[in-house]
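See below for the structure under consideration.
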Amino acid sequence: MPADKTQLGQWFSNNVKSLESRKSTLDKELVAAEEGKTIIKVSQDGKGQFKTITDALKSIPSGNKKRVILHIGPGTYKEKIVVESTKPFITFYGTLGQMPTLTYGGTAKQYGTVESGTLSILSDYFVGANIIVRNSAPRPTLNTNCELRTLGDDGLTFITAQARKSTKEDNGFSFVHCELTGTGTGVYLGRAWYGYSTVIFSYCNLGNIFNKEGWSDNNKKEYDKTLYFGEYMNTGPGADATGRSKLTRKLQYSEVQNYLGLGMIEGSKWILPPPKV
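FYI, the numbering for the sequence shown is 1 to 277, going by full-length UniProt numbering.
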């Protein structure tokens with residue numbers, strides 16, 4: 001990705017071509033699914049086929065093999081939404097300027113860490129475009145179009161907790177050109193979950209909400225040599241390296257380049273431009 005955020009749109013257009021020009025490189029299942037789209041209108045005013053996203057999802061049969069676009073009208077949808085693994089090829093699509101907000105107050109205490117999310121995607125080939133997903137539980141971390149805001153200054157707050165367990169796995173979190181702001185203080189970019197937790201922030205604007213250490217091993221010193229917590233060309237007061245934890249890796253371009261493109265997520269096989277509804 002380019003260092004200049006204003007060039008992202010052009011970069012995306014140059015690197016993510018249409019279905020018609022990429023049929024030979026995309027997954028065959030995806031190509032077949034995109035050739036028979038269905039649009040389901042979700043609207044709280046009753047003018048759509050469904051008033052809730054959950055009911056719209058229920059109408060999609062398990063084992064679905066065609067793209068189904070949920071065109072979601074404006075408003076706040078207070079639902080705990082799960083897209084099951086048996087329902088691939090689903091798109092949540094809102095309208096720019098009238099983006100719907102999906103919100104729920106689930107907590108780890110009530111549902112467990114994994115099950116507490118407002119929106120849980122368990123299926124393959126999911127697409128989300130022009131939607132806001134908000135966790136309205138106490139002291140939330142709000143994730144909106146990669147704008148992360150943290151509220152509150154009591155206790156500990158972590159932006160990430162990544163669960164890579166070994167070098168045999170190829171997963172990790174890469175945040176590029178994100179805005180991390182809020183009203184809280186003492187926030188950490190991330191903490192260890194397992195011994196090989198991997199998180200990189202690149203070209204991000206880090207506000208004045210962060211603990212100067214930036215990263216935590218979660219009191220598991222035995223993980224310190226294998227954690228991969230990287231930073232590259234971030235800006236803002238939170239990017240100040242003074243007092244940073246020894247866990248921090250100040251990366252060079254040669255080290256970070258694989259985390260800046262679509263190759264990390266094998267994007268050539270499945271990423272398509274947003275749908276036209």
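No residue lacks a Cβ here, since even glycine has one placed at the ideal position from N, Cα and C.
None of the values given here were measured: they were computed from a predicted structure.
Endpoints, beta strand (DSSP E) assigned at residue i
{"i": "residue 174", "result": "173-176"}
{"i": "residue 93", "result": "90-93"}
{"i": "residue 223", "result": "No beta strand (DSSP E) contains residue 223, which DSSP labels as neither H nor E."}
{"i": "residue 110", "result": "Careful: residue 110 lies outside any beta strand (DSSP E), inside the alpha helix (DSSP H) at 108-111."}
{"i": "residue 229", "result": "228-232"}
{"i": "residue 86", "result": "Where residue 86 is concerned, there is no enclosing beta strand (DSSP E), given that its DSSP letter is neither H nor E."}
{"i": "residue 41", "result": "38-42"}
{"i": "residue 161", "result": "157-162"}
{"i": "residue 167", "result": "Careful: residue 167 lies outside any beta strand (DSSP E) and carries neither H nor E."}
{"i": "residue 102", "result": "101-104"}
Local conformation of residue i per DSSP, three classes
{"i": "residue 11", "result": "helix"}
{"i": "residue 19", "result": "helix"}
{"i": "residue 250", "result": "strand"}
{"i": "residue 77", "result": "strand"}
{"i": "residue 120", "result": "strand"}
{"i": "residue 258", "result": "helix"}
{"i": "residue 5", "result": "helix"}
{"i": "residue 265", "result": "helix"}
{"i": "residue 192", "result": "strand"}
{"i": "residue 129", "result": "strand"}
{"i": "residue 274", "result": "coil"}
{"i": "residue 239", "result": "helix"}
{"i": "residue 205", "result": "strand"}
{"i": "residue 216", "result": "strand"}
{"i": "residue 114", "result": "coil"}
{"i": "residue 179", "result": "strand"}
{"i": "residue 135", "result": "strand"}
{"i": "residue 70", "result": "strand"}
{"i": "residue 98", "result": "strand"}
{"i": "residue 63", "result": "coil"}
Short Cβ contact (8 angstroms threshold) for residue i with residue j
{"i": "residue 171", "j": "residue 204", "result": "no"}
{"i": "residue 227", "j": "residue 197", "result": "yes"}
{"i": "residue 270", "j": "residue 4", "result": "no"}
{"i": "residue 259", "j": "residue 200", "result": "yes"}
{"i": "residue 1", "j": "residue 236", "result": "no"}
{"i": "residue 38", "j": "residue 77", "result": "no"}
{"i": "residue 72", "j": "residue 94", "result": "yes"}
{"i": "residue 98", "j": "residue 74", "result": "yes"}
{"i": "residue 194", "j": "residue 165", "result": "yes"}
{"i": "residue 185", "j": "residue 173", "result": "no"}
Residue i - containing alpha helix (DSSP H), residue span
{"i": "residue 54", "result": "53-58"}
{"i": "residue 199", "result": "Here residue 199 belongs to no alpha helix (DSSP H); instead the beta strand (DSSP E) covers 198-202."}
{"i": "residue 32", "result": "28-34"}
Supposed contact pair residue j and residue i - C-beta distance, whole angstroms, cut 8 angstroms
{"i": "residue 42", "j": "residue 70", "result": "6 angstroms"}
{"i": "residue 68", "j": "residue 81", "result": "Not really, about 14 angstroms apart at Cβ, beyond 8 angstroms."}
{"i": "residue 88", "j": "residue 62", "result": "Contact flag wrong, Cβ pair sits at about 10 angstroms."}
{"i": "residue 133", "j": "residue 91", "result": "Contact doesn't hold; Cβ gap of about 14 angstroms is too wide."}
{"i": "residue 230", "j": "residue 244", "result": "12 angstroms between Cβ atoms; not a contact."}
{"i": "residue 111", "j": "residue 136", "result": "So it is not a contact: roughly 14 angstroms between Cβ atoms."}
{"i": "residue 207", "j": "residue 181", "result": "4 angstroms"}
{"i": "residue 66", "j": "residue 106", "result": "Between residue 106 and residue 66 the Cβ distance is about 30 angstroms, and since that is not below 8 angstroms, they are no contact."}
{"i": "residue 116", "j": "residue 129", "result": "Between residue 129 and residue 116 the Cβ distance is about 24 angstroms, and since that is not below 8 angstroms, they are no contact."}
Contact between the segment 186-206 and the segment 13-26 (3+ Cβ pairs under 8 angstroms): Segments in contact, no.
Three Cβ pairs or more, each shorter than 8 angstroms: is that satisfied between the segment 208-221 and the segment 253-267? Not touching, per the Cβ criterion.
Between the segment 81-90 and the segment 45-57, do three or more beta carbon pairs fall short of 8 angstroms? A contact is defined here as three or more CB-CB pairs under 8 angstroms, and the segment 81-90 meets this definition with respect to the segment 45-57.
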